[in-house]
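Below is one structure, written out as structure tokens; comments come after it.
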Amino acid sequence: MINTVYRLIAPKSIRADFVDLKLDEERIIIRPTYLSICAADQRYYTGSRGRVVMKQKLPMALIHEAVGEVVYDPKGELPVGTHVVMIPNTPNEKDDIIKENYLRSSQFRASGFDGFMQNVVSMRRDLVIPFDYEPEVGVLLELMSVGMNAVSTFKKHAHDRKDAIGIWGNGNVGFVTALILRKEFPDAKIYVFGVEEHKNRYFSFADDTFIINDIPEDLQLDHAFECVGGRGSEAAISQIIDYIKPQGTINLMGVSENPVPINTRMVLEKGLQLLGNSRSNYDDFKKSVDMMANNKDVREYLSTIVSEMVVVNTIDDMIRAFEDDTYNDFKTVMKWEI
Amino acid sequence: MIYAEILAGGKGTRMGNTAMPKQFLMLGGKPIFVHTVEQFLMNTRIDEIIICTPEVWIAHTRDTLKKYIKDLSRIQIVAGGATRNDTIMNGIKFIEETYGLNDDDVILTHDAVRPFLTQRIIDDNIEGAIKHGATDTVVEAFDTIVHSVDGKIITDIPVRSEMFQGQTPQSFNIKLLKEFFENLTDDEKEILTDACKALVIKGHDVHLVRGESYNMKITTQYDLKVANGLVEGQKI
Chain Y
1 MINTVYRLIA
11 PKSIRADFVD
21 LKLDEERIII
31 RPTYLSICAA
41 DQRYYTGSRG
51 RVVMKQKLPM
61 ALIHEAVGEV
71 VYDPKGELPV
81 GTHVVMIPNT
91 PNEKDDIIKE
101 NYLRSSQFRA
111 SGFDGFMQNV
121 VSMRRDLVIP
131 FDYEPEVGVL
141 LELMSVGMNA
151 VSTFKKHAHD
161 RKDAIGIWGN
171 GNVGFVTALI
181 LRKEFPDAKI
191 YVFGVEEHKN
201 RYFSFADDTF
211 IINDIPEDLQ
221 LDHAFECVGG
231 RGSEAAISQI
241 IDYIKPQGTI
251 NLMGVSENPV
261 PINTRMVLEK
271 GLQLLGNSRS
281 NYDDFKKSVD
291 MMANNKDVRE
301 YLSTIVSEMV
311 VVNTIDDMIR
321 AFEDDTYNDF
331 KTVMKWEI
Chain X
1 MIYAEILAGG
11 KGTRMGNTAM
21 PKQFLMLGGK
31 PIFVHTVEQF
41 LMNTRIDEII
51 ICTPEVWIAH
61 TRDTLKKYIK
71 DLSRIQIVAG
81 GATRNDTIMN
91 GIKFIEETYG
101 LNDDDVILTH
111 DAVRPFLTQR
121 IIDDNIEGAI
131 KHGATDTVVE
141 AFDTIVHSVD
151 GKIITDIPVR
161 SEMFQGQTPQ
171 SFNIKLLKEF
181 FENLTDDEKE
191 ILTDACKALV
201 IKGHDVHLVR
211 GESYNMKITT
221 QYDLKVANGL
231 VEGQKI
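Structural data, given as structure tokens:
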């Protein structure tokens, strides 16, 4: 069939392209229902990735966070109409030690190839997971899986004393990571550190929230998560190093376009571990699908960070969603009706 | 039930010297009509797809579908008629004989040679036909429309903002469409080459569904070249 793919061709410019889609036995055809915009998409949309990267990657369909409905499964394993989450990380080899999301051979939607802004999406059978709750919340599964990836790494590498955990950054990644930590470590004190007080208020499940220039001096943390990224990374990591106890882990999650200076003297003196985190794999998605299924409150909390739902019938609607997103506190979701 | 009727009745005379009706010509890696059928197959609300094709091409149509589509259980092939309206009515007759007609049955009639339609256009047609009884898919006219009765001098230039270009699907409540066709005189049938026009002339509202400029009809060799230029292969 002829599939319409909505590709970014230049900053703020989207065009309908057409791809001759094969109906392969190993692939399932999914009609996207909800897509959410990530900061990474926004960096492409506005052109802030820089001319070299833009020239190399475009034209390319954006969005790597999406759920959809099965419309065609040639093997009949997934019934038509099943809600599924689509995994954007596409591994091309198996490795017993290294996770798929870190293999250099893996490809990623809306980074190495077309994302989910398509009429229908042809997905590899092993990159689709069914779920049976509201897709309006399910669309946040990819975001959740990124938090899940970081928390899994944290569980594997951090020492056992996890009485107080700090999360720097009160945006989407901070929210979802704090929420997962709340569920995984119910006895730990979860503290959130942010710049905007009104955003801190969304973190009702945390034990306390702080504005970054008003942190009690005697506060101490066993471990910390940096969910800031960009130009704020340096200040956030610096503050974490000040407040963290010896041999804690600093779990880095914020993306920065530029190198970030770190006070390595204090990292050495305190014997800290810096753990890098990026994206997620199948297992992280599966755990996220299950956590949402088993915790109604998790779905409720996550619903509160959908700042705006834009119904998309036209390319102009897509543009509006991306423009609005720059002003929204949390997630902008596109209800895909194109 | 919701039916899609793919009108592949044309013999492709406008295509020039091609040996086959235009719907069988290749677009990318598949014949044009296969792309069209697959788009309807991907819509979960469509219960059955009826392909109307010239009688001598029925076997060829079946063979071709088998090569590209694994599960043909939702697809039926029916002989087309002498005119577009006859073809539509042949499909409806088949539906009536095979499944029976219910008051809320809806049919989306679509040109086999418009493979660029989208799921949104299909969804909007289904909704429109259920809600209003009849819909026509259109795009705003980009060019000024010039009306000339004799083809030599301008009779009129209609206001462009009120002009739209008709595409397909055209979608109907089946019983409503059948009733209108049956009440047409032979003279009316002669001039009413468009199903929607039959309803409009008899005073029934036909609602507009927004099409897409690229939902084009592949009618000439030029169209086919343009269409093939637009389509690229799947990379991953």
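As they're listed, the protein sequences go chains Y and X. All the letters of the first sequence, read from the start, carry residue numbers 1 to 338 under the UniProt record's numbering. All the letters of the second sequence, read from the start, carry residue numbers 1 to 236 under the UniProt record's numbering. All C-beta atoms, glycine included, are put in the ideal place defined by N, C-alpha and C.
Residue i - partner residues in DSSP beta bridges
i	result
Y:Phe185	Y:Phe185 is not bridged to any residue.
Y:Tyr72	Y:Ile29
Y:Gln118	Y:Val5
Y:Asp20	Y:Ile2 and X:Gly233
Y:Ile204	A small correction: the amino acid at residue 204 of chain Y is Ser; Ile does not occupy that position in the sequence shown. According to DSSP, which records beta bridges pairwise, Y:Ser204 is partnered with nothing at all.
Y:Glu308	Y:Thr332
X:Lys30	X:Leu27
Y:Asn92	DSSP output for Y:Asn92 lists no bridge partner at all.
Y:Ala110	Y:Ala110 is not bridged to any residue.
X:Ile92	None; X:Ile92 has no bridge partner.
X:Ala59	X:Ala59 pairs with nothing; no bridge assigned.
X:Gln76	X:Ile50
Y:Asn251	Y:Phe225 and Y:Leu275
Y:Thr209	Y:Val192
Buried versus exposed call for residue i [16 or more other C-beta atoms within 10 Å across all chains shown]
i	result
Y:Pro130	exposed
Y:His223	buried
X:Leu7	buried
X:Gln167	buried
X:Leu101	exposed
Y:Ser105	exposed
X:Thr87	buried
X:Ile157	exposed
X:Met20	exposed
X:Met42	buried
X:Ser148	exposed
Y:Arg182	buried
X:Gly12	Model confidence at X:Gly12 stands at a pLDDT of 48, short of 50, so the residue's coordinates are unreliable and nothing is read from them.
X:His110	buried
Y:Glu100	buried
Y:Met266	exposed
X:Arg84	buried
Y:Tyr327	exposed
Y:Val311	exposed
Residue i (DSSP reduced to helix, strand or coil)
i	result
Y:Val228	coil
Y:Met334	strand
X:Thr64	helix
Y:Arg15	strand
X:Asp136	strand
Y:Arg104	coil
X:Met1	coil
X:Tyr214	coil
Y:Met266	helix
Y:Ile97	coil
Y:Val84	strand
X:Ala8	coil
Y:Tyr327	coil
Y:Ala61	strand
Y:Asn258	coil
Y:Gln220	coil
X:Phe142	coil
Y:Cys38	coil
6 Å CB neighbourhood of residue i in its chain, flanking five on each side removed
i	result
X:Ala227	Leu27 and Ile218
Y:Val176	Leu143, Met144 and Gly147
X:Glu55	Ala79
X:Leu108	Ala4, Asn125, Pro169 and Ser171
X:Gly29	none
Contact set for residue i: own chain, Cβ-Cβ below 8 Å, skip 5 residues either direction
i	result
Y:Leu58	Arg7, Leu8, Ile9, Ala10 and Tyr44
X:Ile201	Glu188 and Leu192
Y:Pro261	Glu234
X:Ala141	Arg160, Met163, Phe164 and Gln165
Neighbourhood of residue i by C-beta, 7 Å cutoff - its chain only, sequence neighbours within 5 removed
i	result
X:Arg14	Unreliable positioning characterises X:Arg14 in this predicted model, as indicated by a pLDDT of 49, which lies under 50. A coordinate reading is not provided.
Y:His170	With the sequence shown as reference, residue 170 of chain Y is identified as Asn, and His is not the correct amino acid for it. The residues are Val192, Gly194, Glu196, Lys199, Asn200 and Phe203.
X:Arg62	Ile77
X:Ile2	Arg45, Ile46, Asp47, Val106 and Ile126
Y:Asp325	Ile37, Gln42 and Thr332
Y:Asn313	Glu337 and Ile338
Y:Met219	It should be noted that the sequence gives Leu, not Met, for residue 219 of chain Y. Within the same chain, Y:Leu219 has close Cβ partners Tyr243.
X:Thr144	Ile157 and Arg160
Residue-level contact to chain B via CB, residue i, 8 Å cutoff
i	result
Y:Ser48	Any reference to chain B falls outside this structure, whose protein chains are Y and X.
Quiz item: Which ranges would you report for the beta strand (DSSP E) in the segment 117-192 of chain Y if only whole runs of at least 3 residues count?
Solution: 121-124, 128-130 and 164-168
Quiz prompt | Length at least 4, wholly inside the segment 269-295 of chain Y: the alpha helix (DSSP H) runs in chain order | solution = For the segment 269-295 of chain Y, whole alpha helix (DSSP H) runs of length 4 or above, ordered along the chain, are 282-294.
Quiz prompt | Runs of alpha helix (DSSP H) wholly within the segment 135-203 of chain X (minimum 4 residues, chain order) | solution = List check, alpha helix (DSSP H) in window: 174-182, 186-191 and 195-201.
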